[in-house]
Amino acid sequence: MKKYLRSFWLAIPVVAGLTFVSFKNDDRLFEIARNLDIYATLFKELNAYYVDEINPNQLIKTSIDNMLRSLDPYTVYYAEDDIEDYMTMTTGKYNGIGAIISSAEGKHTVMMVYEDTPAQKAGLQLGDEILKINGVDLSTREDFDTGKLLKGQTQSNVTLTLKRYGSTKPLDVSLNRDIVKVTNVPYYGMISEDVGYIDLKDFTATASREVRNAFQELKGKGMKSVVLDLRDNPGGLLNMAIEISNIFISKGEEIVSTKGKVSEWNKTYTAYNPALDTEMPVVVLTNNRSASAAEIVSGVIQDYDRGVLIGQRTYGKGLVQTTRDLSFNTKMKITTAKYYIPSGRCIQAIDYSHRNDDGSVGKIPDSLMTEFKTKNGRIVFDGGGILPDILTEKETYSPLATSLGRNRLFFDYAVKFHFEHPTIKPAKEFSLSDADYAAFTKWLGDKEYDYTTQVERDLNDLEASAKKEKSLEVIEDQLKALKSKLSHSKDNDLQIFKPEIKKILEEEIIKHYYLEKGLREASFKEDPEVKAALALFKEPARYNDLLKKK
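Residue numbers for the sequence shown, in the UniProt record's numbering: 1 to 550.
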């Protein structure tokens with residue numbers, strides 16, 4: 001290996017010297033070659049003389065990652081060891097057991113099990129703690145990725161030693177790894193007599209087929225209106241966004257165009273299949289975590305006045321990435337273009353090309369946003385994500401609920417509840433009684449969690465300002481009295497915020513019995529965007545009015 005490194009470093013100056021000759025008339029390429037030579041020389045000296053042994057792969061990857069991070073968050077390098085993660089991201093498939101594992105404070109806990117996977121078939125439960133993998137004690141391993149240990153060739157065996165709630169002895173579970181497909185549509189169904197619902201969470205290679213199949217099945221069940229849920233969808237493949245838009249947009253209509261530095265790559269994409277339905281009322285749900293391909297679909301629906309958007313403003317990612325193959329089986333995903341939806345707008349919210357002195361970037365100000373028009377002449381804007389037609393408030397949680405969630409107390413109690421109650425009612429019907437809630441609050445009695453209310457934070461800020469302005473003595477007594485009166489009581493807050501805490505706990509418990517599908521079903525009755533969509537479908541005149549030019 002050392003002989004190879006010596007040969008490598010000897011070769012660098014020769015290659016660089018040839019580059020100098022070849023491009024001496026091109027200042028830009030000369031600067032690139034000069035700096036590559038400097039980098040190679042620097043790394044040679046570092047490798048030879050640094051006081052401790054260095055890991056060349058790790059150090060170079062760190063330098064590459066930091067270089068790309070200075071451009072934008074989406075230009076990413078994939079080392080050979082990371083290619084499987086890249087393939088999972090694009091295809092939604094991997095070889096493994098089908099469980100999400102959380103590693104924290106030396107514990108490796110099963111947080112979710114996917115349906116119809118080796119993990120579910122073997123009976124893994126949420127809350128199981130993995131002690132060993134194939135006999136290897138995890139408590140003796142530091143700085144490793146549990147997920148990578150669980151992945152492997154299809155049908156290869158892995159034995160997990162588990163600690164399960166309520167069991168005094170470790171439990172060995174044997175599984176055969178298999179291809180795990182994380183679905184793009186984790187749930188679809190009828191949410192009223194004639195309203196269908198499709199939850200689209202990703203845009204991997206099978207997204208279009210999954211949405212089309214769900215749409216056609218629901219239409220066969222009497223669906224007259226549809227809710228397409230794009231909340232928390234980070235995006236994915238561009239061609240999937242085009243094909244899913246084509247479900248609702250006629251053949252031949254423009255879906256999206258891309259424009260970048262390499263003009264030959266600039267392209268306009270049109271719908272190339274007959275639409276499944278161009279008349280059915282559509283509501284698209286969005287939030288501030290709807291990004292990229294999710295924004296293309298929601299933007300197309302809005303630009304053609306094909307449906308109504310409900311929720312919060314989307315993330316604002318109007319950039320296109322292309323994957324380029326590099327040497328030694330590595331890859332780079334690189335931002336190559338901006339995309340423009342049919343109205344002509346680019347919804348990119350952050351200007352990465354202009355950074356502040358400290359390296360930070362800011363959003364494009366409202367004053368620089370440009371006005372565009374939808375097909376019906378409605379006014380829309382670029383540069384800030386997609387603004388829904390009906391805005392709803394972003395769901396926020398009390399400091400108490402946030403603290404209980406952060407300390408994983410909802411999850412831990414659901415593990416206990418699941419052990420003590422072998423079955424519960426169907427997800428849509430399940431609810432906790434007052435006695436159940438009282439049992440939860442009693443269980444919290446010896447648990448560690450704390451929080452600061454907004455009023456307490458405001459009083460602390462006031463105290464800090466008074467100290468700074470040398471006026472604390474004037475109001476110190478009043479501040480102490482206010483703090484005493486407003487100091488939160490956990491017992492009181494558990495009653496004040498009972499509806500919120502109870503709802504979160506119910507959903508957590510349902511997840512332990514019915515997994516992701518059950519959790520989605522249970523959420524409909526309290527989901528503000530779903531409720532707004534159902535109400536809108538009952539008012540056709542209002543729906544149509546929202547799509548008209550004002």
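From the three backbone atoms N, C-alpha and C, an ideal C-beta is built for every residue, glycine too. Keep in mind that this is a model prediction, so the values were computed, not measured.
Provide the residue span of the alpha helix (DSSP H) that contains E463, from first to last. Taking the first residue of the sequence shown as position 1, residue 463 is located at position 463. Note, E463: alpha helix (DSSP H), Q454 to K468.
P388 classed as buried or exposed, judged by whether at least 16 other C-beta atoms fall within 10 angstroms: Here residue 388 refers to the residue found at position 388 of the sequence shown. Classification of P388: buried, given that the 10 Å Cβ count is 16 or more.
The alpha helix (DSSP H) with R34 in it runs from where to where? Here residue 34 refers to the residue found at position 34 of the sequence shown. D27 to Y49 is the extent of the alpha helix (DSSP H) around R34.
Just mark H108 as buried or exposed, buried being the case when its beta carbon has 16 or more other beta carbons within 10 Å. Here residue 108 is taken as the residue at index 108 of the sequence shown, counted from 1. Buried: at least 16 other Cβ atoms inside 10 Å.
Based on the DSSP secondary-structure assignment, which residues constitute the bridge partners of G96? Your numbering for residue 96 matches position 96 in the sequence shown. Answer by DSSP bridge pairing, in chain order: D178.
Just to confirm my understanding: we take E115, look at its own chain, exclude 5 residues before and 5 after, and list those with CB closer than 8 Å. What are they? Stepping through the sequence shown from its first residue, residue 115 is reached at position 115. Counting only Cβ-Cβ distances below 8 Å, and skipping sequence neighbours, we find L515, E516 and K517.
Local conformation of A79 per DSSP, three classes: Locating residue 79 in the sequence shown gives position 79, counting from the first residue. Coil at A79, not helix or strand.
Which partner residues does residue 551 have in the DSSP bridge list? The first residue shown for the chain is 1 and the last is 550, placing residue 551 beyond what the model contains.
Decide if the region 155-173 is in contact with the region 199-215; the criterion is three or more beta carbon pairs, one per stretch, under 8 Å apart. no
Let me make sure I understand the geometry here. Which of K93, L36 and D351 has the alpha-carbon closest to that of D178? On the sequence shown, residue 178 is found 178 positions in, with the first residue counted as 1. For D178, the nearest C-alpha among the options comes from K93.
Rounded C-alpha distance that separates F23 from L29: Residue 23 sits at position 23 when you count from the first residue of the sequence shown. Residue 29 sits at position 29 when you count from the first residue of the sequence shown. Note on F23: pLDDT 44, under 50, position unreliable in the model; the coordinate value appears next. The alpha-carbon atoms of F23 and L29 are separated by roughly 6 Å.
In chain order, each alpha helix (DSSP H) run of at least 4 residues that lies wholly inside the region 290-349: 293-303
Spatially closest choice to R209 from R231, I242 and V195, by CA coordinates: Walking along the sequence shown from the start, residue 209 turns up at place 209. Selected option, being the one with the closest Cα: I242.
Is it right to say E476 is buried, meaning 16 or more other beta carbons lie within 10 angstroms of its own, or is it exposed? Sequence index remark: in the sequence shown, residue 476 carries index 476 (1-based). E476 should be labelled exposed.
Which of helix, strand or coil does DSSP assign to I133? Numbered from 1 along the sequence shown, position 133 holds the residue referred to as residue 133. Three-state DSSP puts I133 in a strand.
At what residues does the alpha helix (DSSP H) containing K511 begin and finish? The residue labelled residue 511 in the question sits at position 511 within the sequence shown. Residues K498 to S523.
Taking the alpha-carbon positions, what's the P426 to V76 distance? Counting from one through the sequence shown, the residue named residue 426 turns up at place 426. Counting from one through the sequence shown, the residue named residue 76 turns up at place 76. So the alpha carbons of these two residues sit roughly 43 Å apart.
Write down the C-beta distance between I198 and V185 rounded to the nearest angstrom, noting that I regard them as a contact closer than 8 Å. As a first step, residue 198 is located in the sequence shown; it is residue number 198 there, counting from the start. As a first step, residue 185 is located in the sequence shown; it is residue number 185 there, counting from the start. Indeed they touch by this definition, with Cβ atoms about 6 Å apart.
By how many angstroms is the C-alpha of E469 removed from the C-alpha of K550? Position 550 of the sequence shown, counted from the first residue, corresponds to residue 550. Position 469 of the sequence shown, counted from the first residue, corresponds to residue 469. Approximately 52 Å, taken between the alpha carbons.
Just mark S139 as buried or exposed, buried being the case when its beta carbon has 16 or more other beta carbons within 10 Å. For this step, residue 139 is matched to residue 139 along the sequence shown. Result: exposed.
By Cβ distance, which residues of its chain are closer than 8 Å to L237, with the 5 residues on each side in sequence left out? As a position in the sequence shown, residue 237 is number 237, starting the count at 1. Excluding positions up to five away in sequence, the list reads T90, F203, T204, A205, A207 and A293.
Who are the Cβ neighbours of A541 in its own chain at under 6 Å, not counting the five residues just before and after it? For the purposes of this step, residue 541 is identified with residue 541 of the sequence shown, where counting begins at 1. Excluding sequence neighbours, A541 sits near nothing in its chain.
By Cβ distance below 8 Å, which residues in the same chain neighbour S471 in space, the five residues on each side in sequence not counted? Counting from one through the sequence shown, the residue named residue 471 turns up at place 471. If we look at S471 and ignore the five residues flanking it on each side, it has no Cβ neighbours.
Within 10 Å of its beta-carbon, does F417 have 16 or more other beta-carbons around it, so buried, or fewer, so exposed? In the sequence shown, counting from the first residue as 1, residue 417 sits at position 417. Result: buried.
Proximal residues to K363 (C-beta, below 6 Å), its chain only, five neighbours per side dropped: Numbered from its first residue, the sequence shown carries residue 363 at position 363. Correct list, in chain order: A349 and I350.
Cutting at 7 Å between CB atoms, please list the residues of its own chain near V282, excluding the five before and the five after it. For the purposes of this step, residue 282 is taken as the residue at position 282 of the sequence shown. V226, L228, F248, I301, R306 and G307, listed in sequence order.
Curious, which full-length alpha helix (DSSP H) runs of at least 4 residues does the region 195-276 contain? 207-220 and 238-246
Alpha carbon of P73 to alpha carbon of K251, nearest angstrom: As a working mapping, residue 73 is identified with position 73 in the sequence shown. As a working mapping, residue 251 is identified with position 251 in the sequence shown. Using only the alpha carbons, I get a separation of about 34 Å.
I need the straight-line Cα distance from K201 to R289, nearest angstrom please. Within the sequence shown, the letter at position 201 stands for residue 201. Within the sequence shown, the letter at position 289 stands for residue 289. So the two alpha carbons sit approximately 11 Å from each other.
Using three-state DSSP, classify N55 as helix, strand or coil. As a position in the sequence shown, residue 55 is number 55, starting the count at 1. Note: N55 maps to coil in three-state DSSP.
If you measure from the CB of Y39, is any heavy atom of the ligand GTP nearer than 7 Å? In terms of ligand content, the structure shown is empty, and the ligand GTP therefore cannot be addressed.
Less than 8 Å separating the beta-carbons of M112 and I100? Reading the sequence shown from its first residue, position 112 is the one you call residue 112. Reading the sequence shown from its first residue, position 100 is the one you call residue 100. A contact, by the Cβ cut-off of 8 Å.
How about G260 and T392: do their beta carbons lie closer than 8 Å? Within the sequence shown, residue 260 is the residue found at index 260, counting from 1. Within the sequence shown, residue 392 is the residue found at index 392, counting from 1. No.
In whole angstroms, give me the CA-to-CA distance for L462 and P399. On the sequence shown, residue 462 is found 462 positions in, with the first residue counted as 1. On the sequence shown, residue 399 is found 399 positions in, with the first residue counted as 1. If you take the alpha carbons of L462 and P399, they lie about 20 Å apart.
Taking the alpha-carbon of S327 as reference, which of R69, E80 and T278 has the nearest alpha-carbon? Taking the first residue of the sequence shown as position 1, residue 327 is located at position 327. Measuring from the Cα of S327, the nearest candidate turns out to be E80.
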